[in-house]
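Trainee: Residue numbers (this note's numbering): 1 to 360. Take a look at this one; I'll ask things after.
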């Protein structure tokens, strides 16, 4: 773990958000030195009554939610911490981690550690060469980014209902996540079928570490977190291994998740500096694969439409209701965090689609 200790400026958030009323009362977010500029919902043109209705619904019905933050026009206009959540505490963001891993892959390509997304995977994993048959030799870096490498994998079917049979959990317990995955057969042609697989970002993180000579924590601070002003984070390790989980192990503060979302909304620019290349972001949020339910998949990022089909939304998501949602036409970023390891993610998504977007 590297980073900075909590400073007194950030600690002001804890006192400011200490008492959550039973009935919602809006408070302008606290402006901290060197952090977000803040504004009010009235100044941002938000439908106040609609926002109040949504927040009272959250307080009444969504006792698993931990935070809701809204950035509009570059200003933090809503910052609410719920159900006892500490605003200073870094939050487990589950599969939102995958989107961060996508960013790190883009940076690794820019820096020359990965030559091309079209490179075959086996080129980067010579120590596992015995596991690559002819079907696996055509799998590319891009196939991992788009969840279309074609391996047999049952994660979505078993994650909640039978975790002891879930490939992702079994891979964790195996002691060598990559070996477990590569030993699985390829059952669909790479690039043709989307199938969710947490093994893919873990392989990508492993490649970045090998090629750069930096562990993921060091790499993310050098190329992403420090330039973005993120001072505190933690990458939880893959169970039984001395390396981070690039599929679901990252922890960050909600304010810093908003920084990352706004970076993508601004085509990779933060405070005048191009931190992530614009073309990588544009490719990452494209409709490359169909993941079902009206959601398209890019490079470990997703996109969809508002319920009235009026607004494009691209987003990172994690189980339980962890979201970074970007709405370019409204110049808005929405961050939510919630209790991990629940099946409440769809409820949070519908709350944003049905209640929040109309309010904005």
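From the three backbone atoms N, C-alpha and C, an ideal C-beta is built for every residue, glycine too. It should be emphasised that the depicted structure is a prediction, and the values quoted were computed from it without experimental measurement.
1) May I ask you to report which of helix, strand or coil DSSP gives residue 316?
2) In the DSSP output, which residue or residues are listed as bridge partners for residue 336?
3) Note down, one range per segment and in chain order, each alpha helix (DSSP H) of at least 4 residues found wholly within the segment 115-195.
4) With a threshold of 8 Å, are at least 3 pairs of Cβ atoms found where one atom belongs to the segment 54-71 and the other to the segment 254-262?
5) Could you name the residues of the same chain whose beta carbon sits closer than 7 Å to that of residue 299, not counting the 5 residues immediately before and after it, in chain order?
6) Could you tell me whether the Cβ of residue 272 comes closer than 8 Å to any Cβ of chain B?
7) Taking all protein chains shown into account, do 16 or more other C-beta atoms lie within 10 angstroms of the C-beta of residue 79, making it buried, or fewer, making it exposed?
8) To which residues of the same chain is residue 47 closer than 6 Å at the C-beta, ignoring the five residues directly before and after it?
9) In chain order, what are the residue ranges of uninterrupted beta strand (DSSP E) at least 3 long that sit wholly in the segment 242-314?
10) Going by DSSP in three states, residue 7 sits in which element: helix, strand or coil?
11) Among 40, 109, 330, which has the Cα closest to the Cα of residue 212?
12) Going by the beta-carbon positions, is the gap between residue 77 and residue 44 smaller than 8 Å?
13) Where DSSP assigns a beta bridge to residue 235, which residues make up the other side?
14) Between the C-alpha atoms of residue 334 and residue 347, what's the straight-line distance to the nearest angstrom?
15) What are the boundary residues of the beta strand (DSSP E) that residue 79 is part of?
16) Report buried or exposed for residue 199, applying the criterion of at least 16 other Cβ atoms within 10 angstroms of its Cβ.
17) DSSP on residue 211, reduced to helix/strand/coil?
18) So for residue 38, helix, strand or coil by DSSP?
19) Can you tell me which of 53, 92, 275 puts its alpha carbon nearest to the alpha carbon of residue 342?
20) Under the DSSP definition of a beta bridge, which residues are partnered with residue 14?
21) Give me the residue from 89, 182, 220 with the minimum Cα distance to residue 6.
22) Is it the case that the segment 264-277 contacts the segment 217-228, given that we only count it when at least three CB pairs across the two stretches are under 8 Å?
23) Can you tell me the Cα-Cα spacing of residue 177 and residue 302, whole angstroms?
24) What are the boundary residues of the alpha helix (DSSP H) that includes residue 56?
25) With a threshold of 16 other CB atoms inside 10 Å of the CB of residue 31, please say whether the residue is buried or exposed.
26) How do the segment 167-183 and the segment 229-243 stand: do at least 3 beta-carbon pairs fall below 8 Å, yes or no?
27) Let's test the definition: count the other Cβ atoms within 10 Å of the Cβ of residue 18 and tell me whether it reaches 16, buried, or not, exposed.
28) Could you give the DSSP three-state label for residue 92: helix, strand or coil?
Mentor: From the atom records:
1) Sequence index remark: in the chain shown, residue 316 carries index 316 (1-based). It is a strand residue.
2) Against the chain shown, residue 336 aligns to sequence position 336. 68, 323.
3) Listed in chain order, the complete alpha helix (DSSP H) runs (minimum 4 residues) inside the segment 115-195 are 141-145, 155-158, 167-174, 177-182.
4) Yes, they touch.
5) As a first step, residue 299 must be located in the chain shown, where it is residue number 299. Correct list, in chain order: 102, 145, 146, 283, 284.
6) The chain labelled as chain B is not found in the depicted structure, where only one protein chain is given.
7) The residue labelled residue 79 in the question sits at position 79 within the chain shown. Buried: at least 16 other Cβ atoms inside 10 Å.
8) The residue given as residue 47 occupies position 47 in the chain shown. Answer for residue 47: 359, listed in chain order.
9) The qualifying runs are 250-252, 289-292, 295-297, 302-305.
10) As a working mapping, residue 7 is identified with position 7 in the chain shown. Of the three classes helix, strand and coil, the one that applies to residue 7 here is coil, per DSSP.
11) The sequence position of residue 212 within the chain shown is 212, counting from 1. Looking at the Cα atoms, 109 is the closest of the given residues.
12) As a position in the chain shown, residue 77 is number 77, starting the count at 1. As a position in the chain shown, residue 44 is number 44, starting the count at 1. In this structure, residue 44 lies closer than 8 Å to residue 77 by Cβ.
13) Mapped onto the chain shown, residue 235 falls at position 235. Beta-bridge pairing links residue 235 to 250.
14) The residue you call residue 334 lines up with position 334 of the chain shown. The residue you call residue 347 lines up with position 347 of the chain shown. Here the C-alpha atom of residue 334 lies approximately 15 Å from the C-alpha atom of residue 347.
15) On the chain shown, residue 79 is found 79 positions in, with the first residue counted as 1. Note, residue 79: beta strand (DSSP E), 75-81.
16) Numbered from 1 along the chain shown, position 199 holds the residue referred to as residue 199. In this structure residue 199 is buried. Its beta-carbon is surrounded by 16 or more other beta-carbon atoms within 10 angstroms.
17) Numbered from 1 along the chain shown, position 211 holds the residue referred to as residue 211. Taken through DSSP and simplified to helix, strand or coil, residue 211 comes out as helix.
18) Position 38 of the chain shown, counted from the start, is the residue given in the question as residue 38. Residue state for residue 38 is assigned as strand, using DSSP reduced to three classes.
19) Mapped onto the chain shown, residue 342 falls at position 342. The residue from 53, 92, 275 with its alpha-carbon nearest to that of residue 342 is 92.
20) Here residue 14 refers to the residue found at position 14 when the chain shown is read from its first residue. Partner(s): none; residue 14 has no beta bridge.
21) Looking up residue 6 in the chain shown gives position 6. Among 89, 182, 220, the Cα nearest to that of residue 6 belongs to 89.
22) Cβ pair count under 8 Å is three or more, so yes.
23) Looking up residue 177 in the chain shown gives position 177. Looking up residue 302 in the chain shown gives position 302. Residue 177 and residue 302 have their alpha carbons spaced roughly 25 Å apart.
24) Along the chain shown, one-based indexing puts residue 56 at 56. Where residue 56 is concerned, the enclosing alpha helix (DSSP H) starts and stops at 48-61.
25) By one-based count along the chain shown, residue 31 stands at place 31. Label assigned to residue 31: exposed.
26) With the cut-off at 8 Å, the segment 167-183 and the segment 229-243 touch.
27) Numbered from 1 along the chain shown, position 18 holds the residue referred to as residue 18. Exposed.
28) As a working note, residue 92 is residue 92 in the chain shown. Strand.
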